[in-house]
Structure formats: structure tokens, C-alpha cells
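First up is the structure itself, then whatever we jot down about it.
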Amino acid sequence: MMPVLPSTLLLLTLWSGTEAEAPSSKPEPPSKSRQGLNSEDDTWLQPVSEDVWKTSELAYDLSLPDTIYGELKVRYGDMTVARDTMVMPTATSEAPEVSLKGAINCMPPFALVMVDPDVPSREQPTERSRVHWMVLNANSTERLHEGEEAVPYSGPSPPEGTGPHRYVFLAYCQSGKWVSSDDIAPKRRNKFELGDFAANLNAGNAFGGTFFYAENANQYGRNL
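Mature numbering (1 follows the signal peptide of the UniProt record, and there is no 0) puts the sequence shown at residues -20 to -1, 1 to 204.
Structure representation (C-alpha cells):
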């Protein structure tokens, strides 16, 4: 019987008898169900009623799609704002926390903007729109408020006698690119154009949004 050399034993020990599986070059899809897949942008989002953006006339007034595919969660302190409801201006004096309900297959960074299209009033919006807040270069859809504050937060303060104003939050992908606030932030708050803002970001349509109503505090009290 031929003796087994030590070098042969070493080779037999190292060889497993199977080949290592080559890593897949294609990433696995997100584990989240695709039931919420509603848009061409490959989004996985909590379903949102299409009618709300049309019945509020925001789709027309802001040249938005008939629906925004994702809903944003806006939280002022302990109060989470329900979409399409009336809120007291005094409850919204400090900047809120904003997150996306769901997920989106879009790489950070992200942009967040808050506007009032009803300036000075919904009946005569000659200064449409007023930008109340702009955050750029946010790293997470769970913390859209944490980024570079290009336009400092200014809470709702509708003038007396102008009726309820609509306050709209919209979130956008920045196409994977960081942007400079000097290039994106407007020189003034009024007559802010959402279309130009999205074009400057190369963002397309907003992937998430929500809105609420607020009226002058004195007028609000009389209308209760």
C-alpha cells in the first residue's frame, strides 16, 4: 500500500467537494409587500386615496398629479396631524417631525417643502405660493425634517378674514445628488413655484405628501 504523503492529506482536508456559490449580482427586492406599488417610480407605500388631492383642489392649484402616492406623517410635539383636517395655528408654531408612511425605492438624499398656496387668500391667491419651510439633503424618509434647512420654518399665520388656508407638505427624491441651498432656496417666500423647485432638483413628482387647514386664530374661534 502506497503511503499517503502529508501534502496529500493537506489537499484532501482543504477541498470540500463542492464549489462556493457565486454571489448574485442582482440585489434582492425589498421584503416589504409590493401591494403598495402604485407608481412608475417603484414605490412601496401606504395606500392613499386619490380623491383627496382632487377634492381639495390642490392637484389643480399646485399643478400636482391627481394623486400623491405616499402619505407623510407630520407630528407637532405630541400631536400627529391628520390629513385634510383643521389645525389651530398656535399648535404649529414649532417645526414638526416629518416621516414617510411606507418605503420608497429611491436613494437619499431627500428634500422636503411646506407651502401655502392660498396667499393672501384662497379666493384671490395673487401671491401663490408661500414657502414656509424647506429642508434639503435629508438622509432618511423616517426623518425628512433632519437635513439642511434651506428656508427656516415659519408656522402658519393666515391673516384674519382670509378664511382657511391649506398647508401642504411634499417630499422629493434628489436623484441621489446632494444640492446646495444657495442654488435651490428662493430669494423670497412668496410666489414660490413648486414646478421650478422640482426641476432644479431633477426630482420629477413628489413621492409623498400631506396637508392640513389652518385659519386665523381669531376667525377660527368664531367659526367653532
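All residues carry an ideal CB built from backbone N, CA and C; glycine is no exception.
Using the beta-carbon count (16 or more within 10 Å), is S109 buried or exposed?
Position 129 of the sequence shown, counted from the start, is the residue given in the question as residue 109. Counting Cβ neighbours within 10 Å, S109 comes out buried, since at least 16 surround it.
How should D176 be labelled, buried or exposed, when 16 other C-beta atoms within 10 angstroms of its C-beta is the threshold for buried?
On the sequence shown, position 196 is the one that residue 176 refers to. So D176 counts as exposed.
From P76 to R55, what does the alpha carbon distance come to, in whole angstroms?
For the purposes of this step, residue 76 is taken as the residue at position 96 of the sequence shown. For the purposes of this step, residue 55 is taken as the residue at position 75 of the sequence shown. Their Cα atoms are separated by approximately 5 Å.
Continuous beta strand (DSSP E) assignments of at least 3 residues falling wholly in the segment 125 to 193:
128 to 131, 145 to 153
Distance check for G135 and P69, CA to CA, integer angstroms please.
Sequence index remark: in the sequence shown, residue 69 carries index 89 (1-based). Sequence index remark: in the sequence shown, residue 135 carries index 155 (1-based). Taking the straight line joining both Cα atoms gives about 7 Å.
Where does the unbroken beta strand (DSSP E) through D31 begin, and where does it stop?
Locating residue 31 in the sequence shown gives position 51, counting from the first residue. No beta strand (DSSP E) holds D31; the alpha helix (DSSP H) holding it covers 31 to 35.
Assuming Y40 is part of the alpha helix (DSSP H), what are its boundary residues?
Reading the sequence shown from its first residue, position 60 is the one you call residue 40. Run containing Y40: 38 to 41, per the alpha helix (DSSP H) assignment.
What whole-angstrom Cβ distance do Y152 and L181 have, given they're in contact under 8 Å?
Locating residue 152 in the sequence shown gives position 172, where the first residue counts as 1. Locating residue 181 in the sequence shown gives position 201, where the first residue counts as 1. Confirmed, Cβ separation roughly 6 Å.
With respect to the beta strand (DSSP E) encompassing T121, which residues constitute its N-terminal and C-terminal limits?
For the purposes of this step, residue 121 is taken as the residue at position 141 of the sequence shown. For T121, there is no enclosing beta strand (DSSP E), as DSSP marks it with neither H nor E.
May I ask which residues mark the beginning and end of the beta strand (DSSP E) holding M94?
Position 114 of the sequence shown, counting from 1, holds the residue named residue 94. Per DSSP, M94 belongs to the beta strand (DSSP E) from 90 to 96.
Does DSSP put A197 in a helix, a strand or coil?
By 1-based counting over the sequence shown, the position of residue 197 is 217. Of the three classes helix, strand and coil, the one that applies to A197 here is helix, per DSSP.
Answer yes or no: do V131 and A178 have a C-beta to C-beta separation smaller than 7 Å?
Translated into the one-based positions of the sequence shown, residue 131 becomes position 151. Translated into the one-based positions of the sequence shown, residue 178 becomes position 198. Against a cut-off of 7 Å, the Cβ pair of A178 and V131 comes out as no contact.
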